[in-house]
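Read through the structure below, which is laid out as structure tokens, and then see the notes.
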Amino acid sequence: MSTTDTRRGGSTLGAGQAIWLVAEREIGSKLRSKAFVISTAILFIGALALVIWGGFQAANNSGTPVAVTADAQQYVAQAEGLDVTDVADRAAAEALVKDGEVDAAVVGDSSSPLGFAIIAESSAPTSLMLQLAQVPPVELLAPEEGNAALGYIAAVGFGIVFLLAASLFGGTIAQSVVEEKQTRVVELLISAIPVRSLLAGKVIGNTVLAMGQILILAAIAIIGLTVTDQTALLQGLGAPIAWFAIFFLFGFILLASLFAAAASMVSRQEDIGSTTMPLTMLVMAPYFLVIFFNDNPLVLAIMSYVPFSAPVGMPMRIFLGQAQWWEPLLSIVILMATCVAAILVAARIYENSLLRMGGRVKLSEALAG
Amino acid sequence: MLQLRGIGKSYGGRRVLDDVSFDVRPGRLTGFVGGNGAGKTTTMRIVLGVLAGDAGTVTLDGAEVTASDRRRFGYMPEERGLYPKMKVHEHITYLARLHGFSKTDASTRARALLEQLGLGERLNDNVETLSLGNQQRAQIAAALVHDPQVLILDEPFSGLDPLAVDVVAGVLQQRAAEGAAVLFSSHQLDVVERLCDDLVIIAGGTIRAAGARDTLRAQHSTRRFELVSAGDAGWLRTEPGVEVLDFDGGYAVFDADSDETAQRVLRRAVANGDVASFAPQHPSLAQIFKEVIQ
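Going line by line, the protein sequences match chains A and B. Note that the numbering used here has the first sequence beginning at 969, numbered continuously upward. Note that the numbering used here has the second sequence beginning at 67, numbered continuously upward.
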């Protein structure tokens, strides 16, 4: 019999293989859950509907009325969907804007690095901004606190996708940790593989699922916008969506480790809420902050560096053109560092709490061991 | 050989294990018997490293048990411990893979073992749809699928019907015959008595008796005999050195004060008529158990 050979296999299972086995089971069991498949399908259909609806809206729009001076003609030549009124000079353009005849004016401006500027009443029309390859300085004749509609939609979009994906998969990993504790299967698992491999496998499995969902959503947005000919919007959203995906990856690993650690401190599904509540708040905070403060550069700037809100805050600032090129890089480094620290703390809590059945494990005990 | 020496454990000042020492020998089934709360589960968890003891050592073949040794341990926890929504075959395959078997190898082993345990028709059913008894069998498969060299089973027979007890007992005996050291706890003393080679009795966190079953029996046996004869055995009452415990015509159960007395009784019984049976009566495990835990 070949038992002796295969037996030896038992001790040579690498950490990587163990982690992947756990991750694979995590993914497989989720993909076979009807609730998960249906909710994901609804999410995708919703995103698709939004894109198509946006396409109809764009098609129905008559052009945005814009006054253009002779020296600025070249800048709007490529732009589509504009109803251009030729004016003689800047003064005439400003007069038309003030009268409300046009939404904005594009005028030559030697002080602008791009050679032209936009003049608008209270806010620059987004449809115009998106048509321009490069965004020039905007001069507002009657500045007013106001939301650019598209900025608001983008804010809600990033906020809600982050909220949904992070709470869905954060909740999933928490449930799965408690399920293993409650059914005691965990005793079998850790008699086979190290506790840390189990934690890593669970975090990676759920991260793969969450990222998969985000990437498919991004693909739906990009392909949908292309097919429905909203390429202008796509140009504005492309980079923020790409950054969102990158930030989400690390932001999710951070949250998933913490969710797993928090869940390991209780022994029953009913008690999950008592330890994951602070994390749920952390997941919801970026959503509300970005909705209320998407027009407040200071709040957005702070959000874009705080690791828990950076996945929403930074793409938003990139979309609004408020971020310097190095800012997302700095923010992602901060996020990654936090991620490493969180994984270490989470692994400690997880290891110390996993086999303590019964009541809730105190955080101080879980950290001390 | 798995050896426990001086294991102690306290929970918040309450001593649940005190100087627990015994051996689990390879190739033999060791029964672990004790009342509720006697310390069986705690002892088993310490052996598995699931729980840390306050004192004492657990060694395997003379060396302290390491984490990698424990991967070669098979464990069946007291409470059912499988994913409810996984298919039985898939689940056992998964556990075998966690113990280092390749995908195909793990699948083959899981299938063979489940079929042996009588779950051949339920391979693709979710664990949660199985009856309690069948979940128990799946649980046993989970403990055995990686061919462990040490098997620790907490109440493997609870919830099984008599036929299933035989199936599981057969599997455990086969593993022991292949060289595994098997420790199992049970409340069903008759099953333990029938199966085990060695016996450990625990009460109040201390080991009250440990050793080979037959040795323990001999130690605790009195010179009690059962006589079945054709004639009337009334004469036994007047026989010196004999105390009659039960009597009915030719049937009697008695204690003799020495082996000579017993032999004298046998000779006289044969002289009085045909003797159908004359046999020493060994105490049952239940009797020994009651005696040592007092």
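Beta carbons are placed, not taken as given, at the ideal position from N, Cα and C, and that holds for glycine.
Chain B contact for residue i (CB, 8 Å cutoff)
i: glycine 977/A; result: Note that glycine 977/A scores a pLDDT of 41, beneath 50, so its modelled location is shaky; the value from the coordinates is reported in the next line. Output row for glycine 977/A: interface = yes.
i: alanine 1334/A; result: no
i: leucine 1323/A; result: yes
i: alanine 1072/A; result: no
i: glutamate 1352/A; result: Residue 1352/A is absent from the structure shown; chain A starts at 969 and stops at 1337.
i: threonine 1151/A; result: yes
i: threonine 971/A; result: In this prediction, threonine 971/A has a pLDDT of 38, which is less than 50 and means its spatial position is unreliable; nothing more can be read from the coordinates.
i: leucine 989/A; result: yes
i: serine 1235/A; result: no
i: arginine 1328/A; result: no
i: serine 1007/A; result: no
i: serine 1232/A; result: no
i: glycine 1114/A; result: Residue confidence is low: glycine 1114/A scores 37 on pLDDT, short of 50, so the model does not pin down where it sits. No coordinate-derived value is stated.
i: isoleucine 1161/A; result: yes
i: serine 997/A; result: yes
i: glutamate 1295/A; result: no
i: alanine 1168/A; result: no
i: alanine 983/A; result: no
i: arginine 1316/A; result: no
C-beta contact flag for residue i and residue j at 8 Å
i: threonine 1196/A; j: isoleucine 1020/A; result: yes
i: leucine 1335/A; j: isoleucine 1317/A; result: yes
i: phenylalanine 1216/A; j: phenylalanine 1130/A; result: yes
i: leucine 1156/A; j: glycine 101/B; result: no
i: alanine 318/B; j: alanine 299/B; result: yes
i: methionine 142/B; j: proline 222/B; result: yes
i: glutamate 194/B; j: proline 150/B; result: yes
i: arginine 137/B; j: alanine 1160/A; result: yes
i: valine 1055/A; j: alanine 1035/A; result: yes
i: leucine 54/B; j: alanine 278/B; result: Shown here, chain B extends from 67 to 360; a query on residue 54/B therefore has no answer.
i: leucine 183/B; j: valine 237/B; result: yes
i: alanine 1178/A; j: isoleucine 987/A; result: no
i: glutamine 1198/A; j: glycine 1022/A; result: yes
i: valine 1106/A; j: isoleucine 1086/A; result: yes
i: serine 1144/A; j: glutamate 994/A; result: yes
Own chain partners of residue i with C-beta closer than 6 Å, once the 5 adjacent residues on each side are dropped
i: glutamate 1319/A; result: Val1163
i: asparagine 338/B; result: Gly297
8 Å Cβ cutoff, residue i in contact with chain A
i: methionine 110/B; result: no
i: glycine 147/B; result: yes
i: arginine 136/B; result: yes
i: alanine 342/B; result: no
i: glutamate 165/B; result: The sequence given here has histidine at residue 165/B, not glutamate. Yes, its Cβ sits closer than 8 Å to a Cβ of chain A.
i: valine 234/B; result: no
i: leucine 198/B; result: no
i: aspartate 237/B; result: Before going further, note that residue 237/B is valine rather than aspartate in the sequence given. No, its Cβ sits nowhere closer than 8 Å to a Cβ of chain A.
i: proline 150/B; result: yes
i: arginine 71/B; result: no
i: phenylalanine 291/B; result: no
i: proline 143/B; result: yes
Buried versus exposed call for residue i [16 or more other C-beta atoms within 10 Å across all chains shown]
i: threonine 123/B; result: exposed
i: proline 910/A; result: Not covered by the structure: residue 910/A. The range shown for chain A is 969 to 1337.
i: glutamine 285/B; result: exposed
i: asparagine 1174/A; result: buried
i: threonine 281/B; result: exposed
i: leucine 114/B; result: buried
i: glutamine 215/B; result: buried
i: glutamate 357/B; result: exposed
i: phenylalanine 355/B; result: buried
i: isoleucine 218/B; result: buried
beta-carbon residue i near the ligand MG non-hydrogen atom, thresh 7 Å
i: leucine 1185/A; result: The model depicted lacks the ligand MG and carries no ligand whatsoever.
Cutoff 7 Å; reference residue i; Cβ partners in own chain excluding five residues on either side
i: glycine 225/B; result: Leu198, Gly199 and Gln202
i: arginine 91/B; result: Met67, Ala247 and Asp264
Cβ shell of residue i (< 8 Å), same chain only, five flanking positions each side left out
i: leucine 1223/A; result: Ala1134, Gly1138, Leu1247, Leu1250, Val1251 and Phe1276
i: tryptophan 1211/A; result: Met1282, Pro1283, Ile1286 and Pro1296
Check: Does the region 158-167 of chain B touch the region 208-217 of chain B, meaning 3 or more C-beta pairs lie closer than 8 Å?
Finding: yes
Item checked: the region 346-360 of chain B in contact with the region 302-314 of chain B per 3-pair CB rule at 8 Å -> no
Margin query: Between the region 288-299 of chain B and the region 266-279 of chain B, can you find at least three pairs of beta-carbon atoms closer than 8 Å?
Written below: no
Margin query: Quick check: the region 1240-1255 of chain A against the region 1129-1143 of chain A, are at least 3 beta-carbon pairs closer than 8 Å?
Written below: yes
Check: Do the region 170-177 of chain B and the region 153-160 of chain B meet, that is, are 3 or more Cβ pairs less than 8 Å apart?
Finding: yes
Checklist line | Touching by the beta-carbon criterion (3+ pairs, under 8 Å), the region 1282-1290 of chain A and the region 1140-1147 of chain A | finding: no
Notebook entry, point to check: So, do the region 328-340 of chain B and the region 230-249 of chain B have three or more beta carbon pairs nearer to each other than 8 Å?
Noted result: no
Notebook entry, point to check: Does the count of Cβ pairs from the region 75-89 of chain B and the region 1235-1245 of chain A closer than 8 Å reach three?
Noted result: no
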